[in-house]
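Note that my numbering gives residue 272 to position 197 of the sequence shown, counting from 1, and the numbers run on in steps of one.
Glycine included, every Cβ here is placed at the ideal spot set by N, Cα and C.
Since we're looking at a predicted model, the values are computed, not measured.
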Amino acid sequence: MAGTFRFSFGPWNIHEGADPFGPEVRKTIDFNAKLALYKEIGFDGVQFHDDDAVPNMDRMSPSQIIKEAGELKQVLDNHGLTAEFVAPRLWMDSRTIDGGYTSNDPACRRYAIERSLRTIDIAKALGTRNIVLWLAREGTYIREAKDSAWAVERIAEAIQTMLDYDAEIHIMIESKPNEPMDHTYIPTIGHAIGLGLLTTAPQRIGCLIESAHAILANLDPSDEMGYALAHKKLWSVHLNDQNGLKFDQDKTFGSVDLRRAFNQVRILDKHNFGNNGEWVGLDVKAMRTQKDNVACKHLSNSRNIFLKLLEISRSISNEMINQLRNERDYEELDLYIMNSLLGR
Ligand code: XLS
Ligand code: MG
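Here it is in structure tokens:
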């Protein structure tokens, strides 16, 4: 059994380099110029936040939003690109300061839900049924700020409203344990899958696993993937890397821990990831020190590292692994994997 791999990323992955402590260091690349880069560096799919697709959507009517998204679909077609998903950006607006679906202000919760329905309109106009929910501010800085049971119920109700709004959409929940919040309500993929059970259509709720988000929860991303695969819920991934428990780094895939990356590639390949149209998404950031003319290497390098690890994984003898498992000689298995990664 083997997977089929095609790659996607979002326009935010080509970035000016601002961080919380310093301003931009690279020139802005216009959205259309970014689209032109995709194929050049080996990518066929585009991930969108709703306002990546329709920038001024909060000031537009629903029909204007659909029209503008329809025009973008033409541009994508001209570039030979496919929209993988659209995600509502529920963390920038002043109405989402206290969260979107879990805000304590009912008017703000209504805004978050309305905005999510517009996201669905955009997805449909772009020709995808995939919605990603990264629940950025659905959490708290102090536990007493919200009731955690109500919060989860409110997220589920919001998702239910989205499912009822459109019978075709699939929702992929991207869990993350912290940042920007101290704690979020859907910190791991088990929570994401459980959340689906609170709706009337759990079969339309799946998940997207981001390597760094699993690592920030002190979990192994390939085991998180395995958990989701066992539930038939792994509908997308955001591969990247992360150097320990700190802010979300979005480093080049495999650049911190090659073996951890290898195991992600391997579990995806072993379980036929991509054969039902799933994409290998990357969510990586260039180092702030990169100059303008080399600010896409994190993307092409991540893809190349994935493909090299795939080659290594496929060259490994399953017979040898089975034999060592049967002998319970995991020291020898450890060495076999290390030697394979070292090219010996
Ligand atoms: C941020 C998230 C974001 C999502 C899409 O950490 O990974 O990029 O993937 O909303
Ligand atoms: Mg992500």
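| Item | Value |
| --- | --- |
| Cβ neighbour criterion (16 or more within 10 Å) applied to residue 105 | exposed |
| Residue 119 beta carbon less than 8 Å from that of residue 79 | no |
| Rounded separation between residue 331 and residue 299 - CA only | 18 Å |
| CB contact flag (residue 206, residue 237, <8 Å) | yes |
| DSSP bridge partner residues for residue 268 (one or two, in chain order) | Per DSSP, none; premise fails for residue 268. |
| Cβ neighbour criterion (16 or more within 10 Å) applied to residue 404 | exposed |
| Backbone CA spacing between residue 125 and residue 103 [nearest angstrom] | 19 Å |
| Own chain residues within Cβ distance below 8 Å of residue 288, not counting five before or after | 249, 250, 251, 252, 313 and 323 |
| Contact check, residue 328 vs residue 316, beta carbons under 8 Å | yes |
| Runs of alpha helix (DSSP H) wholly within the segment 95-121 (minimum 4 residues, chain order) | 106-115 |
| Element boundaries [beta strand (DSSP E), containing residue 219] | It is not in any beta strand (DSSP E) - residue 219 carries neither H nor E in the DSSP assignment. |
| Local Cβ density within 10 Å of residue 293, reported as buried at 16 or more and exposed below that | exposed |
| 8 Å Cβ shell around residue 266 - same chain, five flanking residues per side excluded | 250 and 260 |
| Residue 283 versus 358, 193, 107 and 395, residue with shortest Cα-Cα distance | 358 |
| Simplified DSSP assignment, three categories, for residue 338 | helix |
| Residue range of the alpha helix (DSSP H) that includes residue 381 | 372-390 |
| For residue 211 and residue 285, the rounded distance between their alpha carbons | 13 Å |
| Residue interval of the beta strand (DSSP E) (run including residue 410) | Careful: residue 410 lies outside any beta strand (DSSP E), inside the alpha helix (DSSP H) at 405-416. |
| Backbone secondary structure at residue 87 - three-state DSSP | helix |
| beta-carbon residue 124 near the ligand MG non-hydrogen atom, thresh 7 Å | no |
| With 16 other Cβ atoms within 10 Å as the buried cut-off, status of residue 245 | buried |
| Range covered by the alpha helix (DSSP H) that runs through residue 141 | 137-154 |
| Whole-Å CB distance - residue 98 paired with residue 127, under 8 Å assumed | Going by Cβ atoms, the distance from residue 98 to residue 127 rounds to 21 Å, so no, they are not a contact pair. |
| Rounded separation between residue 418 and residue 375 - CA only | 22 Å |
| Beta carbon of residue 247 nearer than 8 Å to that of residue 123 | no |
| Straight-line gap, residue 297 to residue 348 (C-alpha atoms, nearest Å) | 13 Å |
| Alpha-carbon spacing of residue 66 relative to residue 162, whole angstroms | Outside the modelled stretch of the chain, which goes from 76 to 419, sits residue 66, for which no answer is possible. |
| Which residues DSSP lists as bridging residue 206, in chain order | 161 and 246 |
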